[in-house]
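For what it's worth, the working numbering labels the leading residue of the sequence shown as 142, then goes sequentially.
For each residue, glycine too, the CB sits at the ideal point set by N, CA and C.
For clarity, every value in this text was computed on a predicted model and none was experimentally measured.
What follows is a single structure, written as structure tokens, with notes after it.
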Amino acid sequence: MSNSSDTADLAEEQEHVTTLYKHLDVLREEASAQLTRALLQSGGTPGDRSHRDSATTMYSERVAQYGAVENGLCFGRLDFADGERRYIGRIGIFDEQHDYEPLLIDWRAPASRPFYLATAAAPDGVRRRRHIRTERRRVTGLDDEVLDLNETHGTGRGAHDGVTGEAALLSALNASRTGRMKDIVETIQAEQDHVIRADLGGVLVVQGGPGTGKTAVALHRAAYLLYTHRQMLSSRVVLIVGPNTTFLKYISQVLPSLAETGVLLGTMGDLFPGVVAHREEPAEIAEIKGRVEMVDVLAAAVRDRQRVPDEPLTLRLEMLDGDRVLLEPAVIEDARERARRSGKLHNLARPTFDTEIIHALSLVVADTIGVDPYADDPLGGDDAPGDPQILDEADLAEIRRELRNEPEVLGALDWLWPILTPQQLVAGLFAADARLAAAGASPLLKRSPRKGWTAADVPLLDEAAELLGEDDTVREIIEERRRRQRIAYAEGALEIAYGSRSIDLEDEDDPELLSVTDLLEADRLAERHDEGEALTPAERAAADRKWAFGHIIVDEAQELSPMAWRLLMRRCPSRSMTVVGDVAQTGDLGGAASWGGALAPYVGDRWRLRELTVNYRTPTEIMAVAARVLADIDPALEPPRSVREAGTEPWIRGVAPARLADALAEAVAAEAEAAGEGRLGVIVPTGLLDELAPVVLRTVGDAAVGDEPELSSRVVVLTVKQAKGLEFDGVVVVDPERIVEESPRGANDLYVALTRATQRLGMLHPGTLPDSLHAVVGI
Numbered sequence: 142m143s144n145s146s147d148t149a150d151l152a153e154e155q156e157h158v159t160t161l162y163k164h165l166d167v168l169r170e171e172a173s174a175q176l177t178r179a180l181l182q183s184g185g186t187p188g189d190r191s192h193r194d195s196a197t198t199m200y201s202e203r204v205a206q207y208g209a210v211e212n213g214l215c216f217g218r219l220d221f222a223d224g225e226r227r228y229i230g231r232i233g234i235f236d237e238q239h240d241y242e243p244l245l246i247d248w249r250a251p252a253s254r255p256f257y258l259a260t261a262a263a264p265d266g267v268r269r270r271r272h273i274r275t276e277r278r279r280v281t282g283l284d285d286e287v288l289d290l291n292e293t294h295g296t297g298r299g300a301h302d303g304v305t306g307e308a309a310l311l312s313a314l315n316a317s318r319t320g321r322m323k324d325i326v327e328t329i330q331a332e333q334d335h336v337i338r339a340d341l342g343g344v345l346v347v348q349g350g351p352g353t354g355k356t357a358v359a360l361h362r363a364a365y366l367l368y369t370h371r372q373m374l375s376s377r378v379v380l381i382v383g384p385n386t387t388f389l390k391y392i393s394q395v396l397p398s399l400a401e402t403g404v405l406l407g408t409m410g411d412l413f414p415g416v417v418a419h420r421e422e423p424a425e426i427a428e429i430k431g432r433v434e435m436v437d438v439l440a441a442a443v444r445d446r447q448r449v450p451d452e453p454l455t456l457r458l459e460m461l462d463g464d465r466v467l468l469e470p471a472v473i474e475d476a477r478e479r480a481r482r483s484g485k486l487h488n489l490a491r492p493t494f495d496t497e498i499i500h501a502l503s504l505v506v507a508d509t510i511g512v513d514p515y516a517d518d519p520l521g522g523d524d525a526p527g528d529p530q531i532l533d534e535a536d537l538a539e540i541r542r543e544l545r546n547e548p549e550v551l552g553a554l555d556w557l558w559p560i561l562t563p564q565q566l567v568a569g570l571f572a573a574d575a576r577l578a579a580a581g582a583s584p585l586l587k588r589s590p591r592k593g594w595t596a597a598d599v600p601l602l603d604e605a606a607e608l609l610g611e612d613d614t615v616r617e618i619i620e621e622r623r624r625r626q627r628i629a630y631a632e633g634a635l636e637i638a639y640g641s642r643s644i645d646l647e648d649e650d651d652p653e654l655l656s657v658t659d660l661l662e663a664d665r666l667a668e669r670h671d672e673g674e675a676l677t678p679a680e681r682a683a684a685d686r687k688w689a690f691g692h693i694i695v696d697e698a699q700e701l702s703p704m705a706w707r708l709l710m711r712r713c714p715s716r717s718m719t720v721v722g723d724v725a726q727t728g729d730l731g732g733a734a735s736w737g738g739a740l741a742p743y744v745g746d747r748w749r750l751r752e753l754t755v756n757y758r759t760p761t762e763i764m765a766v767a768a769r770v771l772a773d774i775d776p777a778l779e780p781p782r783s784v785r786e787a788g789t790e791p792w793i794r795g796v797a798p799a800r801l802a803d804a805l806a807e808a809v810a811a812e813a814e815a816a817g818e819g820r821l822g823v824i825v826p827t828g829l830l831d832e833l834a835p836v837v838l839r840t841v842g843d844a845a846v847g848d849e850p851e852l853s854s855r856v857v858v859l860t861v862k863q864a865k866g867l868e869f870d871g872v873v874v875v876d877p878e879r880i881v882e883e884s885p886r887g888a889n890d891l892y893v894a895l896t897r898a899t900q901r902l903g904m905l906h907p908g909t910l911p912d913s914l915h916a917v918v919g920i
């Protein structure tokens, strides 16, 4: 690897980069013009409006994409032994004036793969790989990697076996963090490239330790899959699931920088439309909710709401002038069994239940009136006072119609077999000891219905929706009402148009002259003005619980409970998924102990495993400490191999408990200064967050803390759960022993905390240390 500052080389690359940006400007202007034309279109047939909306979406995405690749448009060049030259960048650009000659090759195209895979031992025809460094539109530097062993005299390999583009990679790794994840498109390594370009179908598990780039690989895989399978995935949408909203904010800029804007990002708490589920709850409660046994609990909760009283129900009927009738338990039980035997879901079986009850009540009413409508020899002649009345089937039908409008009958039906939303079922279950007991649920789940939803509730709500079924009757009634309102409005508009015709027009000799009222009926006019809301596929997917995603990517997937897996599998019937995580970092009590155990109920052993083994983030000095903790978790686990050294050893300081706050203030001040323009993370036990966060805020006025801290702040205070998936230049871990003690998987949490730093790591402990840290030599 050599750094080229040759003026001629820089000028040559600047000329090509300038040409690329000229083409980019033209593409952006054309897309903007097309977008403007699409937005100006109006009216027309439903087909015309659909075409306009599609065009608007397409050109909006193109404008956004061209803007997103402004920085770092071109970052590489390949020189082949046969003289061919290829430039690699974020998108493909072609010279339309010269037979569409490729000026820039998209990094996802097959032709770009040698940029990531070629080595001196296996050059794939590549003589030289050049990394082009730019600042905005200006070329600032070049790094050349000569792969021809004849030219390098056998020294073409970098110092780290298996690492390509070492200078560019180390430059990126040593750069200060900004609080937002950057893409790695310029420095993708071979083992990462194999994961990114793996086949779309089936479940791909990406197992990797801290710093191996799992998240970045997953995001680049999303961009690659959208590029390769655009037609299918753009309409069915790719869903990316992250552990929390802070994490989603952290990764939010990666896909736009890769020219992809149509992906849906969310947490498990976001996956039930209409519900915001970000409330925290005890880990023990979340673990109970995540058990697969909750499927049976919810099914029992539904059955419990299909009531049969012990005593007859007394109903006062208006049709009988307030007289009472009795609805016997046996009748109700028979109706319930008929509804259950229908095989329909709870809400959809309600009409069957209603029909049975109304039919039984009609016979009771007929008997009250004084007739057996099915008598073999009914009396004839004129009715006289005291005589039985003769009712035929039409009379019974009228009784049933009236019964369906009786307030007490309707109230009884709603009590006996209520139409339920998933929210009503789950909240009602948790609100009452009796309902929990009837469903066989843990009494620990009891809570006030006024409390908000948690992420662990969302899979339960989704399961409840599957058990209840969605009754579309109300929605259809509302839609029909709106349609009639539009028609009424259109009729009024046509009447105005007819009444405002010119008087002279009525006197015209030509009776064939037509007006708008002759050509257009009210219902057709109403349809034309029913524009509807133009939503992107991602927006429609976010609002539709039944949406079937084309592909799902799950980050920190080891934290998912069995119930969460059920939800995701329903969202992706094709089982096309990328599952990213590290079982050594599992912190949630309901999380996975192994990938096979998590996936077997859904795909058996039909899943593929790819492992990332190289640690790009965590330097050797810090990984040596973390490796001790990893051995404590499972001696069989191998830590990822670090590719660099930071030159600074981790430090650990014991302090008296009374001095912990002062010691933390001193450490934060020193480490924030050492981080310079970088970012410092302060990771504290959950139980100490409220106590220690104010200390950091007083020390660094612009520090961030809270449920969704701003990661671009110089100093951020977090718990281990909040820190998952994030990285900082420096990290101070407070009270490692308490982190371990706070959870049955505390050692996993400590491992996570120790591996968030890219440069510096420090620890403060006010008491004892975990045994794994006692064993660290030199501390």
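(Q) Taking the beta strand (DSSP E) that Leu456 belongs to, which residues open and close that run? (A) 454-457
| query | To which residues of the same chain is Arg541 closer than 6 Å at the C-beta, ignoring the five residues directly before and after it? | reply | Ile499, Ser503
- Message: Let's test the definition: count the other Cβ atoms within 10 Å of the Cβ of Ala263 and tell me whether it reaches 16, buried, or not, exposed.
- Response: Taking all protein chains shown into account, Ala263 has fewer than 16 neighbouring C-beta atoms within 10 Å of its C-beta and is therefore exposed.
query: Do you know how far the Cα of Ala733 is from the Cα of Ser702?
result: 7 Å
Worksheet item: Is it true that the stretch 819-829 meets the stretch 383-390, where meeting means three or more beta-carbon pairs spaced less than 8 Å apart?
Response: no
- Going by other Cβ atoms of all chains shown within 10 Å of its Cβ, with 16 needed for buried, is Asn756 buried or exposed? Buried: at least 16 other Cβ atoms inside 10 Å.
**When Ala894, Ile880, Thr899, Val599 are compared against Pro907, the one with the closest alpha-carbon** = Ile880
Checklist entry - Within this structure, are the beta carbons of Ala490 and Val472 separated by less than 7 Å? => result Between Ala490 and Val472, the C-beta gap is not smaller than 7 Å, which leaves the two residues out of contact.
#### Entry: With 16 other Cβ atoms within 10 Å as the buried cut-off, status of Arg712
buried
| said: Can you tell me where the alpha helix (DSSP H) holding His361 begins and where it ends? | reply: It spans 355-369 - the alpha helix (DSSP H) in which His361 sits, taken as one unbroken run.
key: Contacts around Pro559, its chain only, beta-carbon distance under 7 Å, and the 5 residues preceding and following it disregarded   = Arg446
What's the gap between the Cα of Met380 and the Cα of Val344?
Reading off the sequence, residue 380 comes out as Leu, not Met. Taking the straight line from one Cα to the other gives about 14 Å.
Between Val724, Thr677, Leu740, Ala864, which lies nearest to Arg707 when the distance is taken from Cα to Cα? Leu740
Notebook entry, point to check: For Val336 versus Val347, is the C-beta spacing smaller than 7 Å?
Noted result: yes
Worksheet entry | Unbroken alpha helix (DSSP H) run spanning Trp736, endpoints | 736-744
Pull up the DSSP beta-bridge partners for Thr275, would you.
Val280
Is the beta carbon of Gly484 sitting closer than 7 Å to the one on Glu697?
no
- Going along the chain, which residues of its own chain have a beta-carbon closer than 6 Å to the beta-carbon of Asp265, five neighbours each way excluded? Pro255, Ala259
Nonlocal neighbours in the same chain, by C-beta distance under 8 Å from Asn488, ignoring five residues either side: The answer, listed in chain order, is Ile560, Leu561, Leu609, Gly610, Glu611, Asp612.
| request: Kindly list the residues whose CB is nearer than 8 Å to the CB of Gly725, restricted to its own chain and excluding five residues on each side of it in sequence; keep chain order. | output: It should be pointed out that residue 725 corresponds to Ala in this sequence rather than to Gly. Excluding residues within five positions, the ones whose Cβ falls inside 8 Å are Gly350, Leu771, Ile774, Asp775, Leu778, Asn889, Tyr892.
Straight-line CA distance for Ile229 to Ala179?
32 Å
- With burial defined as no fewer than 16 other Cβ atoms inside 10 Å of the residue's Cβ, what is the status of Ser375: buried or exposed? buried
Exercise. Decide yes or no for the touch test of the stretch 223-242 against the stretch 194-202: beta carbon pairs closer than 8 Å, at least 3 of them.
Key: no
- Message: Less than 7 Å between the beta carbons of Thr402 and Ala250, yes or no?
- Response: no
_Reduced DSSP category for Tyr241 - H, G, I as helix; E, B as strand; rest coil_ = coil
- Query: Near Ser317, which residues of its chain fall below 8 Å by C-beta distance, leaving aside the five closest residues on each side in sequence?
  - Reply: Ala816, Gly817, Glu818, Gly819, Arg820, Asp870
How would you write the range of the beta strand (DSSP E) that Ala898 sits in, first residue to last? 898-906
Rounded C-alpha distance that separates Asp411 from Val382
9 Å
### Task
Report back the beta-carbon spacing between Arg377 and Phe571 to the nearest angstrom; my notes put them in contact at under 8 Å.
About 35 Å separates the two Cβ atoms, so there is no contact after all.
Exercise. Is the beta carbon of Val837 less than 7 Å from the beta carbon of Val857?
Worked result: no
Query raised in the report: Going by the CB atoms, is the gap between Ala441 and Ala580 shorter than 7 Å?
Result: yes
Leaving out five residues on either side along the sequence, give the residues of the same chain with a beta carbon under 7 Å from the beta carbon of Leu341.
-> Leu366, His370, His692, Ser717
Exercise. Helix, strand or coil for Leu468 per DSSP?
Worked result: strand
Handout entry: Under 7 Å between C-beta atoms of Val395 and Met322
Key = For the 7 Å CB-CB criterion, Val395 and Met322 form a contact.
Applying the 10 Å Cβ sphere with the 16-neighbour rule, what's the burial state of Arg794? exposed
**Message:** Quick check on this structure: which residue in Thr899, Val861, Ala418 has the alpha carbon closest to the alpha carbon of Ser884?
**Reply:** Val861
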